[in-house]
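S.K.: The opening position of the sequence shown corresponds to residue 4 in the numbering used here, with each subsequent residue numbered one higher.
Here you go, one structure.
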Amino acid sequence: MTHFLDLHKTDAGELRRIITDAARMKAARLGRPRGAPDDEQPLDGQMVALIFEKPSTRTRVSFDLGVRQMGGQTMVLSGRDIQLGHGETIADTARVLSRYVDLIMIRTFEEQTLLELAEYADVPVINGLTDRTHPCQVLADVMTYEEHRGSIAGRKVVWSGDGNNVCASFLHAAGQFGFDLTFTGPETLEPEAGFIDFARSRGVRVGIERDPHKAVAGADLIVTDTWVSMHDPQSARERRHNQLRPYQVNERLMAGAKPDALFMHCLPAHREEEATSAVMDGRHSVIFDEAENRLHAQKAIMRWCLGT
Ligand code: CP
Ligand code: NVA
């Protein structure tokens, strides 16, 4: 079964092929209305389940639109709509869904739910974000970087803030696409050692630098994300804000990177917290290109999963 569960689980050559395919499909529909079908209809007759245990704007809309552009159909299910883990095992849910749909995309609270679903499903499963990783986002981010600046290999990426799920997928991408990554943030919010070890095992440099201004020297890309993720307890909010304030991406921090450095944020953002509006709307920012490329990257991911 060809699942898309995490960037380190898919061969680097396949990831490259997916990005190339995404760029090709994006170019092929330039200037068309969003709802117009693609010339190719590789998902004709296919039914895709989109399951959300937590809220989403980009993932929900981009997957739904992408399936429609490729001629398929979707059903969007919330955690409340189905019995996922409440009264019915995830394994049984996986086997049942596999009798109805051709592909499952799921956003879960716990990674274990995704892994169990994939283990028992007879159809491909795509990770639409868990508490630990966000591979669709970061594949779209690599595509976005390369659209603006060419190959990401050998570049220096700086992650400033919480070493969360998106940061973890950036570490997987560092190993797979061959770029260096420096994490700058508080010690208690560093990414798990396993993610760092993966990147290092592929021969790229992973740095940990407590001082954000030192960290960004020579950076080609600065990335940040919300200080409190959806799976974090709200009780941690105040402490996290206090810890993370020095890691805000503002114009002063951006000025310490290379002059042509890019700024990314997966969104949704809390403006004036993890990043200022001056940076988000400034000349370095490619945040809305990232959002658009979710659509194109995920279309290519779905085709890859289905072999169409
Ligand atoms: N970046 C991202 O996954 O956004 P949503 O939570 O809106 O899907
Ligand atoms: N780190 C964020 C990403 C949202 C797309 C979260 O998990 O809430």
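Each residue gets a CB set at the ideal place from its N, CA and C atoms; glycine is no exception.
Keep in mind it's a predicted model, so treat the numbers as computed, not measured.
With 16 other CB atoms within 10 Å as the buried threshold, where does ARG243 fall?
M.R.: When all chains shown are included, ARG243 counts as buried.
S.K.: Got a sec? Which residues, its chain only, sit under 7 Å from VAL166 by beta carbon, not counting five neighbours each side?
M.R.: Note that residue 166 corresponds to Gly in the displayed sequence, not to Val. Cβ within range, chain order: PHE186, GLY188, LEU192, GLU193 and PRO194.
S.K.: Does the beta-carbon of MET146, which I'm using as the reference point, lie nearer than 7 Å to any heavy atom of the ligand NVA?
M.R.: No; taking the cut-off as 7 Å, the Cβ of MET146 has no heavy atom of the ligand NVA nearer than that.
S.K.: Could you check whether the Cβ of ASP228 sits closer than 7 Å to any heavy atom belonging to the ligand NVA?
M.R.: Checking the Cβ of ASP228 against the ligand NVA gives yes.
S.K.: Can you find the residues in the same chain that come closer than 8 Å, C-beta to C-beta, to GLU254, ignoring five residues on each side of it along the sequence?
M.R.: Taken in chain order, the residues that qualify are THR279, ALA281, VAL282 and GLY285.
S.K.: Using three-state DSSP, classify ARG255 as helix, strand or coil.
M.R.: Reduced to three states, the DSSP call for ARG255 is helix.
S.K.: Can you tell me whether DSSP reads MET28 as helix, strand or coil?
M.R.: Of the three classes helix, strand and coil, the one that applies to MET28 here is helix, per DSSP.
S.K.: What does the Cβ neighbour count give for SER154, buried or exposed, with the cut at 16 atoms within 10 Å?
M.R.: Its Cβ having fewer than 16 others within 10 Å, SER154 is exposed.
S.K.: Does the stretch 32–43 come close enough to the stretch 198–216 to have 3 or more Cβ pairs within less than 8 Å?
M.R.: Taking 8 Å as the limit for Cβ pairs, the verdict is that the stretch 198–216 does not touch the stretch 32–43.
S.K.: Taking the beta carbon of ARG98 as the centre, do at least 16 other beta carbons fall within 10 Å, making it buried, or is it exposed?
M.R.: Exposed, by the Cβ-count rule.
S.K.: Could you check if PRO271 belongs to the surroundings of the ligand CP, using beta carbon to heavy atom distance under 7 Å?
M.R.: Flag set: Cβ of PRO271 near the ligand CP.
S.K.: To which residues of the same chain is PRO45 closer than 8 Å at the C-beta, ignoring the five residues directly before and after it?
M.R.: MET73, GLY74, ARG306, LEU309 and THR311.
S.K.: Which of helix, strand or coil does DSSP assign to GLU91?
M.R.: Strand.
S.K.: Beta carbon of ALA171, beta carbon of ARG135: below 8 Å?
M.R.: Yes; because the gap between Cβ atoms is below 8 Å, this pair is in contact.
S.K.: Our contact map puts ILE93 next to LEU100 with C-beta atoms below 8 Å; I'd like the distance itself, whole angstroms only.
M.R.: No, ILE93 and LEU100 are not in contact; Cβ-Cβ is about 10 Å, not under 8 Å.
S.K.: Pick helix, strand or coil for LEU117, following the three-state DSSP scheme.
M.R.: In the structure shown, LEU117 sits in a helix (DSSP, three-state: H, G or I).
S.K.: Tell me, which residues are paired with VAL161 by DSSP?
M.R.: DSSP output for VAL161 lists THR185 and ILE225 as bridge partner(s).
S.K.: Verify the contact flag: LEU132, CB atom, against every heavy atom of the ligand CP, threshold strictly below 7 Å.
M.R.: At least one heavy atom of the ligand CP is nearer than 7 Å to the Cβ of LEU132, so yes.
S.K.: Inspect the beta-carbon positions of VAL219 and VAL160 and report whether they are closer than 8 Å.
M.R.: Result no, Cβ atoms of VAL219 and VAL160 do not sit closer than 8 Å.
S.K.: Nearest to LEU247 by alpha carbon, out of GLU276, ALA25 and GLN140?
M.R.: Cα-wise, what sits closest to LEU247 is GLU276.
S.K.: Should VAL169 go down as buried or exposed, given a rule of 16 or more other Cβ atoms within 10 Å for buried?
M.R.: By the 10 Å Cβ count, VAL169 comes out buried.
S.K.: Can we say the stretch 48–58 touches the stretch 289–299, given the rule of at least three CB pairs closer than 8 Å?
M.R.: With the cut-off at 8 Å, the stretch 48–58 and the stretch 289–299 do not touch.
S.K.: Opposite ILE107 in the DSSP bridges: which residues?
M.R.: Beta-bridge pairing links ILE107 to ALA52 and VAL128.
S.K.: What residue from MET78, GLU114 and GLY69 has the CA that sits closest to ASP9's CA?
M.R.: Minimum Cα distance to ASP9 is reached at GLU114.
S.K.: Excluding sequence positions up to five away, which residues of its chain have a Cβ less than 6 Å from the Cβ of VAL79?
M.R.: Contacts found: LEU53.
S.K.: Which residue comes first and which comes last in the alpha helix (DSSP H) that contains GLN76?
M.R.: Counting along the chain, GLN76 falls outside any alpha helix (DSSP H), though it belongs to the beta strand (DSSP E) covering 76–81.
S.K.: Does DSSP put MET283 in a helix, in a strand, or in coil?
M.R.: The answer is helix: DSSP assigns MET283 an H, G or I state.
S.K.: Would you call THR237 buried or exposed, if buried means 16 or more other Cβ atoms sit within 10 Å of its Cβ?
M.R.: According to the sequence provided, residue 237 is Gln. The question's Thr does not apply to it. Under this definition GLN237 is an exposed residue.
S.K.: Can you tell me where the beta strand (DSSP E) with ILE211 in it begins and where it stops?
M.R.: Per DSSP, ILE211 belongs to the beta strand (DSSP E) from 209–211.
S.K.: According to DSSP, is MET146 part of a helix, a strand, or is it coil?
M.R.: The answer is helix: DSSP assigns MET146 an H, G or I state.
S.K.: Under 8 Å, do VAL1 and VAL51 count as touching if we go by C-beta distance?
M.R.: Residue 1 cannot be examined here, being either before or after the span of the chain that is shown, 4 to 311.
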